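Q:
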Amino acid sequence: MYPGYSAEDDYPRLEAMLAGADPGDGGAMEPGSAVTGGTGAGDGVLGLAGAVTGATPAVRLPLVHTDIGEDAHRVDALLEMGSAARLAARVDELRAWGAQAVVWACTSASFVFGREGAQEQVRELAQVAGLPASSTSFAFAHAIGDLGVEQVAVAATYPEDVAELFTAFLKSFGTEVVAMRGSGIITAAEVGTWGWEEVRALARAGDHPEAQAVLLPDTALHTAAYIARLEAELGKPVLTANQVTVREGLRLLAHPVPHRPRLGALFSTAAA
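Be aware that the sequence shown starts at 22, since it is given in my numbering, and climbs by one per residue.
1. Looking only at its chain, what residues have a beta carbon closer than 7 Å to the beta carbon of Ser155, apart from the 5 residues adjacent to it on each side?
2. Decide if the region 136-153 is in contact with the region 170-184; the criterion is three or more beta carbon pairs, one per stretch, under 8 Å apart.
3. In terms of alpha-carbon separation, which member of Glu29, Tyr26, Ala79 lies closest to Ala40?
4. One question on the structure: do Ala224 and Leu251 come within less than 8 Å of each other, judged by their Cβ atoms?
5. By Cβ distance below 7 Å, which residues in the same chain neighbour Glu231 in space, the five residues on each side in sequence not counted?
6. Give me the residue from Ala28, Ala164, Pro24, His86 with the minimum Cα distance to Trp215.
7. Can you look up Thr266 in the DSSP assignment and give me helix, strand or coil?
8. Expressed to the nearest angstrom, what Euclidean distance is found between the alpha-carbon atoms of Leu236 and Tyr32?
9. Please classify Ala291 as buried or exposed, where buried requires at least 16 other C-beta atoms within 10 Å of its C-beta.
10. Using only alpha-carbon positions, find the residue among Val278, Arg281, Glu197 that is nearest to Ala162.
11. Indicate the three-state DSSP secondary structure (helix, strand or coil) for Asp46 in the structure shown.
12. My assumption, with CB atoms under 8 Å, is that Val278 sits in contact with Ala234. Please give the rounded CB distance.
13. Starting from Ala139, follow the alpha helix (DSSP H) in both directions and report where the run begins and ends.
14. Kindly give me the distance between the Cβ atoms of Gly119 and Glu101, rounded to whole angstroms, as I take these residues to be in contact under 8 Å.
15. May I ask which residues mark the beginning and end of the beta strand (DSSP E) holding Ser360?
16. With a CB to CB cut of under 8 Å and the five nearest residues on each side skipped, what residues in its chain are close to Lys192?
17. Looking at C-alpha atoms only, which residue of Arg221, Gln121, Ala253 is the closest neighbour of Leu271?
18. What's the call for Gln264, buried or exposed, on a 16-neighbour Cβ count within 10 Å?
19. Compare the beta carbon distance of Val183 and His94 with 8 Å and say whether it is the shorter of the two.
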């Protein structure tokens with residue numbers, strides 16, 4: 022479940038990359054250059070990248086768009102964006118796609134509730150949908166554990182007061198945040214216009230020598246095409262919101278994690 026449309030085209034790209042395709046050069050894709058194919062799009066749902074055959078079933082990543090409400094990285098707006106009523110309103114569409122698990126693909130409108138509130142959010146979503154559920158905030162916590170890192174830097178698009186709530190969420194899992202940089206961007210719509218140069222500058226500015234990984238926590242930010250290049254430049258793992266959201270979906274499905282180096286260190290370990 023994805024709020025709005027800002028970086029929706031990351032998901033067909035991620036689906037294609039999971040299937041072993043190379044939908045671009047890992048850096049040249051610009052916002053709006055969606056990779057589509059397969060069944061075609063329905064109302065508010067992306068077309069699906071073509072599936073591949075083999076022993077491991079292909080993963081499909083249909084999007085169900087939730088009503089974003091007010092597009093603002095402000096605590097009050099984010100609490101409303103992630104409210105139970107807004108998520109429940111699109112559950113029927115989710116079921117129509119035959120989903121086997123659901124991830125609330127929004128970082129800020131989950132961590133803003135705090136750890137306990139975010140847990141209640143996904144618990145209610147799971148109950149209403151009748152499916153295993155999680156959110157991008159928990160996806161980051163689990164991805165940090167999967168990498169085995171303890172010290173991270175946060176390079177956020179958000180205003181600093183919102184970014185601080187993300188660091189507090191991570192700290193509740195025992196992660197040490199050695200650096201945090203907010204960018205003061207208010208709307209997801211603006212974030213969705215960023216391309217390689219802006220994403221690169223964000224990651225480089227947010228990095229820290231003591232950080233074992235750099236986190237870019239906004240699902241409105243196009244990152245799928247850039248992960249491998251970012252890691253090569255920084256010399257360390259980079260975790261991005263849409264990337265970890267997909268990994269979280271695989272976790273919910275108990276699906277093997279394919280070896281996909283173009284998706285970064287998080288997908289570069291042996292399949293498990």
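Using N, Cα and C, we set each Cβ at its ideal position, and we do this for glycine too. From a predicted model like this one, the values you see are computed outputs, not experimental measurements.
A: In this structure, then:
1. Val124, Val143, Glu269, Leu273
2. no
3. Ala79
4. yes
5. Gln172, Val199
6. Ala28
7. helix
8. 18 Å
9. Its pLDDT being 47, under 50, Ala291 is placed unreliably by the model, and the measurement read from it follows with that caveat. Flag for Ala291 reads exposed.
10. Glu197
11. Confidence at Asp46 is low in this model, with a pLDDT of 49, below 50, so the placement of that residue should be treated as unreliable; the coordinate-derived value is given next. In this structure, Asp46 counts as coil in the three-state DSSP scheme.
12. 17 Å between Cβ atoms; not a contact.
13. 135-150
14. About 29 Å; that fails the 8 Å criterion.
15. Because the chain in this structure spans residues 22 to 293, residue 360 falls outside the shown range and cannot be described.
16. Val198
17. Gln121
18. buried
19. yes
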